[in-house]
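Data block below; observations after.
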Amino acid sequence: LAKLTFPVEASHIMMFARAIGDENPVYHDPGVAGGIIAPPSFPQAVAQFDPNYVLRPKPGQPWFGSGAAPSGIEGKPVATGTLHAEQHFEYHRHVRPGDVLTVEMVPGRTWEKESKRAGKLVFRERITEYRDQAGELVITARSVGVTTERPVSND
Amino acid sequence: MALKASSLKIGDTYSERVATNLSRTQIVQYAGASGDYNPLHTDEVYTTQVAGYKSVFAHGMLTMGLTGKMLTNYVGDGRLTNFGVRFTNQVWPGDTLDSTATVAAIREEGGAPVVDLTLSTVNQDGKEVISGTATARLDP
Chain A
857 LAKLTFPVEA SHIMMFARAI GDENPVYHDP GVAGGIIAPP SFPQAVAQFD PNYVLRPKPG
917 QPWFGSGAAP SGIEGKPVAT GTLHAEQHFE YHRHVRPGDV LTVEMVPGRT WEKESKRAGK
977 LVFRERITEY RDQAGELVIT ARSVGVTTER PVSND
Chain B
345 MALKASSLKI GDTYSERVAT NLSRTQIVQY AGASGDYNPL HTDEVYTTQV AGYKSVFAHG
405 MLTMGLTGKM LTNYVGDGRL TNFGVRFTNQ VWPGDTLDST ATVAAIREEG GAPVVDLTLS
465 TVNQDGKEVI SGTATARLDP
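The listed protein sequences derive, respectively, from chains A and B.
Take the first sequence: its position 127, counted from the start at 1, is 983 in the working numbering, and no numbers get skipped.
Take the second sequence: its position 90, counted from the start at 1, is 434 in the working numbering, and no numbers get skipped.
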């Protein structure tokens, strides 16, 4: 997989903190002692910097969400989709505005499980390393995605 | 502001209400900030008519972010060394979420005190939507 470049900016951190309802000044006030840092779940926003990210509409390409029809593509595409099962972060230090992170993702283990709520489940692990300009490891992330056979029942 | 090892004991808890009547608009706001525009979170027509769910639902990472807000309010800024969660149930528009950290261990790591926490976020019906763990550096 290609390496991504993730420039960390104060305005992005501010918008992210607003979206999680966190008004802590450490996420928006440059005058705060020690300076601005990013919230702990911010590293996942690297999706903004992946040119091929599949969950972002792109000009001139059909999008699987609704438009004139309930889905913009033929057939039954990502009918149930892949859901996020687990997310883990290990912080070697905390991310700051001005960091330019190099982000590398590698696939991890894959396993299957039967479930009453959603049929056959296929789990896929992914390890993501975030390094700074000096090549120092800043964050190691491990995520697990699950593809379900049918929509998850909530009974 | 950080936690002190000397004033903590195993079993101590800290809780916060991290969402009240969660709005579809906040979910859209999270989509824009995170870059995850999966229509399962933002497109009611697609999610009900194509994907077969009762409505859009929150990104797991939004619930992790809300849980993280409780966590950093408790342990202080820039103190976390680990934060991990499992998404155990979906979070829907209208949900009200309470998030709790419980002290599981107080120990030394590389000669400095740290706390291990277990995390749980539950909805208004008491159903757990996130279970997790975290480790944070402490003051002595």
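All C-beta atoms, glycine included, are put in the ideal place defined by N, C-alpha and C.
Backbone CA spacing between residue i and residue j [nearest angstrom]
i          : j          : result
Met414(B)  : Thr425(B)  : 16 Å
Ser897(A)  : Val473(B)  : 16 Å
Tyr418(B)  : Gln373(B)  : 25 Å
Pro899(A)  : Trp919(A)  : 25 Å
Val956(A)  : Gln989(A)  : 6 Å
Asp387(B)  : Val435(B)  : 15 Å
Ser378(B)  : Gln904(A)  : 7 Å
Ile869(A)  : Ser443(B)  : 22 Å
Ala935(A)  : Gly376(B)  : For Ala935(A), the predicted structure reports a pLDDT of 45, less than 50, and the residue's modelled location is therefore unreliable. A value from the coordinates is still provided. If you take the alpha carbons of Ala935(A) and Gly376(B), they lie about 22 Å apart.
Ile929(A)  : Arg430(B)  : 32 Å
Gly891(A)  : Tyr909(A)  : 31 Å
His385(B)  : Leu939(A)  : 11 Å
Pro963(A)  : Gly877(A)  : 32 Å
Ser399(B)  : Ser475(B)  : 23 Å
Glu981(A)  : Arg987(A)  : 20 Å
Val994(A)  : Arg952(A)  : 11 Å
Thr996(A)  : Gly428(B)  : 11 Å
Thr465(B)  : Thr416(B)  : 15 Å
Val362(B)  : Thr440(B)  : 8 Å
Lys972(A)  : Val1002(A) : 15 Å
Arg368(B)  : Pro383(B)  : 12 Å
Lys969(A)  : Thr432(B)  : 15 Å
Gly355(B)  : Asp460(B)  : 11 Å
Val902(A)  : Glu865(A)  : 12 Å
Tyr947(A)  : Leu977(A)  : 30 Å
Arg998(A)  : Phe979(A)  : 13 Å
Leu860(A)  : Gly454(B)  : 32 Å
Val1008(A) : Ala941(A)  : 12 Å
Thr1004(A) : Thr966(A)  : 14 Å
Arg423(B)  : Gln917(A)  : 43 Å
Lys471(B)  : Ile371(B)  : 20 Å
Glu452(B)  : Ser350(B)  : 13 Å
Identified DSSP bridge partners for residue i
i         : result
Arg423(B) : Arg423(B) pairs with nothing; no bridge assigned.
Pro881(A) : Answer is none; Pro881(A) lacks a bridge partner.
Trp967(A) : Phe979(A)
Tyr801(A) : As shown, chain A starts at 857 and ends at 1011. That puts residue 801(A) outside it, with no answer to give.
Tyr358(B) : Ala445(B)
Ile474(B) : Phe431(B), Thr465(B)
Leu939(A) : Val1002(A)
Arg481(B) : Val458(B)
Lys348(B) : Asp483(B)
Ala889(A) : Paired residues: none, contrary to the question.
Ala363(B) : Leu441(B)
Start and end residues, beta strand (DSSP E) containing residue i
i         : result
His950(A) : Run containing His950(A): none; DSSP gives neither H nor E here.
Phe862(A) : 860-863
C-beta contact flag for residue i and residue j at 8 Å
i          : j         : result
Val913(A)  : Tyr381(B) : It should be noted that the sequence gives Pro, not Val, for residue 913(A). In contact: Pro913(A) and Tyr381(B) (Cβ atoms closer than 8 Å).
Arg481(B)  : Val447(B) : no
Leu366(B)  : Ala395(B) : no
Ala873(A)  : Tyr883(A) : yes
Val959(A)  : Thr984(A) : yes
Asn445(B)  : Tyr358(B) : It is worth fixing the name first, because residue 445(B) is Ala in this sequence and not Asn. Going by C-beta atoms, Ala445(B) is nearer than 8 Å to Tyr358(B).
Asp483(B)  : Leu352(B) : no
Arg1006(A) : Gly975(A) : yes
Gln943(A)  : Gly404(B) : yes
Tyr390(B)  : Ser922(A) : yes
Leu463(B)  : Thr411(B) : yes
Ile842(A)  : Asp469(B) : An answer regarding residue 842(A) cannot be provided, because it is not within the stretch 857 to 1011 covered by chain A.
Val888(A)  : Pro881(A) : yes
Gln488(B)  : Pro863(A) : Lying before the first or after the last residue shown, residue 488(B) is absent from chain B, which here runs from 345 to 484.
Host alpha helix (DSSP H) of residue i (start-end)
i         : result
Ser927(A) : Here Ser927(A) belongs to no alpha helix (DSSP H), and DSSP marks it neither H nor E.
Ala873(A) : 866-875
Near the ligand SAH: residue i beta-carbon under 7 Å from a heavy atom
i         : result
Thr411(B) : Absent from the structure shown: the ligand SAH. Ligands present: none.
Practice problem: Kindly provide the ranges of any alpha helix (DSSP H) runs that are 4 or more residues long and lie completely inside the stretch 366-396 of chain B, ordered along the chain. | Solution: 368-378, 383-386, 388-393
Self-check item: Contained alpha helix (DSSP H) runs [length at least 4] in the stretch 401-459 of chain B, N- to C-terminal order
Solution: 404-419
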